[in-house]
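Protein chains in written order, with the working numbering: chain E, 1 to 432; chain R, 433 to 803.
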Amino acid sequence: MHSTPSSKRDVVKIARERNVRFVRLVFADVLGVGKNVSIPVDALGEALDGRVTFDGGSIDGFVRGEELDMVLVPDPSTFALYPWSTADGQEARVICDVAMPDGTPFEGCPRTTLRRAIESARAQFTAMQFGLEVEFFVFEARASEFGSTSTTDVGSYFDFSANDRGEDARNAIVAAMQSMGARVAGAHHEHGPGQHEIDFSHTDPLEAADMLLTLRSLAKHVASRFGLEATFMPKPLETCAGSGLHVDLRLDARADDDLVLYTVGGLLAHAPALAAVCNPTVNSYKRLVAAWDAPIYTVWSERSANALVRVPPNQSPKRIEVRSPDPSCNPYLAFAALLGAAADGVARQLLPGDALVGSTYDLTERDRRERGIGTLPKSLRQAIVELDGDAVVSASLGDHLYHAFRDAKLAEYERYRRAVHAWEHRAYLRLY
Amino acid sequence: MTAEELVALAQDVARVIADGGGSAAVARRLAEATGSGVLIEDASHHPLARAGAPDAAASGGEDTPPFVTPIATGQTLLGRICLFGEDAQDFAHAARLAASSLAIDLARASAGEGASRTSFWEHLIAGRFTDAITARDEAAARGIGLAPHYVVAVLECTAADGCASDRAVIRSAIREAFKPTSAQIELIERAAAYVVCIPAARAIDASKARTAATMLPRSLAKRVPDICVSGGVSEPAVPIDVPQALARADAALVIARRLFGSGKVAVYDELGAYALLYRGAATDALRDFAARTLAPLRAYDEKHQTELEKTLRLYFDLGQNVKSAAQALHVHRHTVFYRLRQIGELCGCRLESPHDQLTLRMAVAIDALHS
């Protein structure tokens, strides 16, 4: 049974009792990729005192081009044992914030940015919690440069797939996440072959972001033991649903209908700019098309499965489900941006218009104009333009991360733009 | 300020007014001379000009300015000059000087633009314009740009202890409450009530206006403690039909009071059968009501080849017994539950609500009798 350590002393005690040999000090770069520095357990006390440094110049979005030792500041409450042991003994991890050499918080640290966003939104939301529905694919592991998209699984929504190793892998992933302290609400087969979903119970936004960071690395590790590969790429298969990350915002029990409306108003008003952060890859925009219930318009509904924001009726506490993000996002930045947008809606009392009944795909251009409904960006480039024009979302990231993130994404888009894709070969090679 | 500086300011203000600079130029000159934020507003709290320290000057009715001086001729209040900033009180003489000079200008305007604006809206809601072109020409002549549609709200605001609340405070709070609609509202006082005309160029504007109006009992209570707001809201109407919209907003106010007591703002369109029962109706109006109420179900049935309207009729005919309706339709009772939920969603109502049930029952009955 996992118990959350509350102090440095607890962490050292548990590590000693559980015979831990190595501890990974985990942190996230600007893209939300988990990085780590592994230390022998003897150095744990020193690490917990914030005396372990790393070269910040070699990490995306930090201080590239400069040799600068940065400090890892472990969060003792995130200490957890990996549910496996190696030949060298038991391993554990603790998630860290990044600080400057003098101990001041580093403004390029995504985790610190989310902490700041939670504090900033405290005036509007006293105890907002995030629940996550994370979709991902599990494919056969093949020895190839980029991995494979082949699967023997033919299951769809909520199917039992008796002969599918993917289902076994998913169960093992859930068990592993639970052993590391995550509260899993449920898991099931999703629409596409090899596609699965794991739902996490509501918790504070920082812990939710930590959970997603952990899941993405842990799922790959566990799947590999089944001869499979887990991927959180938003749209690996052209003809199947993509993988989304539905973020369920649960408001304080005292929140009234007005607060819900203003929150939805903020989320919709900033949705185009949020896309840059919540759908941060060129592949993300291949998921956001008018099919498989992917959201494409800035509209809310009580029940429509393809609305961008869904507010389930008669819920207490009130819940607001944001359906556009995908699991390739940096969860710290995405959640900070969502909080910023929601808080702005409350501060400026933004109204979202009437809830939509029915499918958003049936909306004509005239309907959308009359109802003031916008569209989500259709490419990463367009999303970055929206981000540039949105002072609230860019301010949620902070100046350093906004520029670091923007530069990294523009470079990514440019590489994609220059690449010649397989589709182009199929379409043009013989034709011209 | 020294006496010489005051004289220089008075001369400057007189000159900018003579040059036709109006309130904006006076506000700028006063802001320059005092270093304060300056807000000049008319007697109805409409901002006329702002200058200097933008945050303070833009706060309008939100914060109480440190110094306010009236702009008046005799007993007639024409407006106010508000100074913002820590030293605002030190420039009282300068503000009074500017106010007395500006009074002449505003007195002229009050016989013209300001009064003419108010009188246009009073004429419009009273139905004194005979046709749309006359109303639009009259508005244009008075420098008023009319929106394609207006949502009309009638609000009655009383203090919890039954005493009348400070009307200036309420006016300011109503304007604040409609800020999220991003619309320049027209606020006309009518005996004990406030009539608010909210421009609604698109469906989204009308939707926001309705939502903001229904939120008023809560949002006003946050700004003016112990206040009780009741009201009615119309559907969007073209300017010439504003009197009819006002009548429907009035009706919604009365119906809401009788059905729900005070402290609620009701939307006329959402009162369904009650609006019909309140005003009475001829056969054509009854048919129209039934057709409008059942239209979403018919459109859905047509498009998806479903039986929602039939399900609703059977459900009512069989005494709201889901099991019997399921047997009659040869479907599982869960299917009936599902369809009832769909019906509620499409018609924008809750079937478990007695009020909404009455509306649907009447629509079905009228349709059976008159179609």
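Beta carbons are placed, not taken as given, at the ideal position from N, Cα and C, and that holds for glycine.
Remember, predicted model here, so these are calculated numbers, not experimental data.
Per-residue burial, residue i [other beta carbons within 10 Å of its own, 16 or more giving buried]
i	result
Phe499 (chain R)	buried
Glu386 (chain E)	buried
Pro101 (chain E)	exposed
Pro312 (chain E)	exposed
His764 (chain R)	exposed
Ser785 (chain R)	exposed
Phe552 (chain R)	buried
Trp423 (chain E)	exposed
Trp84 (chain E)	exposed
Lys654 (chain R)	exposed
Glu167 (chain E)	buried
Ile798 (chain R)	buried
His766 (chain R)	exposed
Asn314 (chain E)	exposed
Gly462 (chain E)	Past the edges of chain E, shown from 1 to 432, lies residue 462 (chain E), and the structure says nothing about it.
Pro502 (chain R)	exposed
Gly493 (chain R)	Any reading at Gly493 (chain R) must be qualified, since the residue scores a pLDDT of 48, below 50, and its modelled position is unreliable; the value itself is stated next. Under this definition Gly493 (chain R) is a buried residue.
Leu462 (chain R)	buried
Pro236 (chain E)	buried
Asp537 (chain R)	buried
Pro580 (chain R)	exposed
Tyr770 (chain R)	exposed
Glu67 (chain E)	Note on Glu67 (chain E): pLDDT 49, under 50, position unreliable in the model; the coordinate value appears next. The residue in question, Glu67 (chain E), is exposed, as its Cβ has fewer than 16 Cβ neighbours within 10 Å.
Asn306 (chain E)	buried
Residue i in three-state terms, based on DSSP
i	result
His246 (chain E)	strand
Lys696 (chain R)	coil
Ile536 (chain R)	helix
Trp423 (chain E)	helix
Ile606 (chain R)	helix
Gly345 (chain E)	helix
Val586 (chain R)	strand
Pro786 (chain R)	helix
Lys409 (chain E)	helix
Asp390 (chain E)	coil
Cys278 (chain E)	helix
Gly493 (chain R)	Confidence at Gly493 (chain R) is low in this model, with a pLDDT of 48, below 50, so the placement of that residue should be treated as unreliable; the coordinate-derived value is given next. Here Gly493 (chain R) sits in coil by DSSP.
Thr791 (chain R)	helix
Arg93 (chain E)	strand
Val98 (chain E)	strand
Pro234 (chain E)	coil
Arg482 (chain R)	strand
Lys378 (chain E)	coil
Val37 (chain E)	strand
Gly469 (chain R)	strand
Glu140 (chain E)	strand
Phe22 (chain E)	strand
Ala714 (chain R)	coil
Beta-bridge pairing of residue i - partner residues as DSSP gives them
i	result
Glu55 (chain E)	The identity of residue 55 (chain E) in the sequence shown is Asp, whereas the question assumes Glu. BP columns for Asp55 (chain E) point to E:Asp69.
Thr508 (chain R)	R:Thr505
Trp553 (chain R)	Per DSSP, none; premise fails for Trp553 (chain R).
Ile422 (chain R)	Look at the range of chain R in this structure, 433 to 803, and you will see that residue 422 (chain R) is not part of it.
Gly131 (chain E)	E:Asp248
Arg199 (chain E)	A quick correction: the sequence has Asp, not Arg, at residue 199 (chain E). E:Glu133 and E:Gly186.
Ser85 (chain E)	E:Gln90
Asp474 (chain R)	R:Gly511
Ala591 (chain R)	R:Ile659
Pro105 (chain E)	E:Ala99
Any non-hydrogen atom of the ligand SAM within 7 Å of residue i CB
i	result
Gly56 (chain E)	The ligand SAM is not among the ligands present in this structure, which contains no ligands whatsoever.
If you measure beta-carbon to beta-carbon, which residues of the region 761-785 of chain R are closer than 8 Å to chain E?
Residues of the region 761-785 of chain R that bring their beta carbon within less than 8 Å of a beta carbon in chain E comprise Glu777, Leu778 and Gly780, in sequence order.
In the region 126-146 of chain E, which residues sit with their C-beta less than 7 Å from some C-beta in chain R, listed in chain order?
From the region 126-146 of chain E, no residue has a Cβ closer than 7 Å to chain R.
Could you name the residues of the region 300-323 of chain E whose beta carbon sits closer than 8 Å to any beta carbon of chain R, in the order they occur along the chain?
Taking a C-beta cut-off of 8 Å against chain R, the contacting residues of the region 300-323 of chain E are Glu302 and Arg303, listed in chain order.
Report the residues of the region 641-658 of chain R with a CB closer than 8 Å to any CB of chain E, ordered along the chain.
Answer set for the region 641-658 of chain R: Thr643, Ala644, Met647, Arg650 and Ser651.
Residues of the region 367-393 of chain E with a CB closer than 9 Å to any CB of chain R: list them in chain order, please.
If the cut-off is 9 Å between Cβ atoms, the region 367-393 of chain E has Asp367, Arg369, Glu370, Arg371, Gly372 and Ile373 near chain R.
Members of the region 258-273 of chain E near chain R, C-beta cut-off 9 Å
For the region 258-273 of chain E, the beta-carbon criterion of a distance under 9 Å to any beta-carbon of chain R is satisfied by Asp258, Leu261, Tyr262 and Gly265.
Residues of the region 660-673 of chain R whose Cβ lies closer than 8 Å to any Cβ of chain E, in chain order
Residues of the region 660-673 of chain R with a C-beta less than 8 Å from any C-beta of chain E: none at all.
Give, in chain order, every residue of the region 350-368 of chain E whose Cβ lies closer than 7 Å to some Cβ of chain R.
Hits within the stretch, in order: Leu350, Leu351, Gly353, Asp354 and Val357.
Quick one: complete alpha helix (DSSP H) runs, 4+ long, within the region 605-693 of chain R?
Here the runs fully enclosed are 635-655 and 674-692.
Segments assigned alpha helix (DSSP H), at least 4 residues, entirely inside the region 261-347 of chain E
For the region 261-347 of chain E, whole alpha helix (DSSP H) runs of length 4 or above, ordered along the chain, are 271-278, 284-287 and 331-347.
Tell me which residues of the region 618-640 of chain R have at least one Cβ-Cβ distance to chain E shorter than 7 Å, keeping chain order.
Listed in sequence order: Arg634, Ala635, Ile636, Ser639 and Lys640.
Any residues in the region 696-714 of chain R with a beta carbon nearer than 7 Å to a beta carbon of chain E? Which ones, in chain order?
Answer in chain order: no residues at all.
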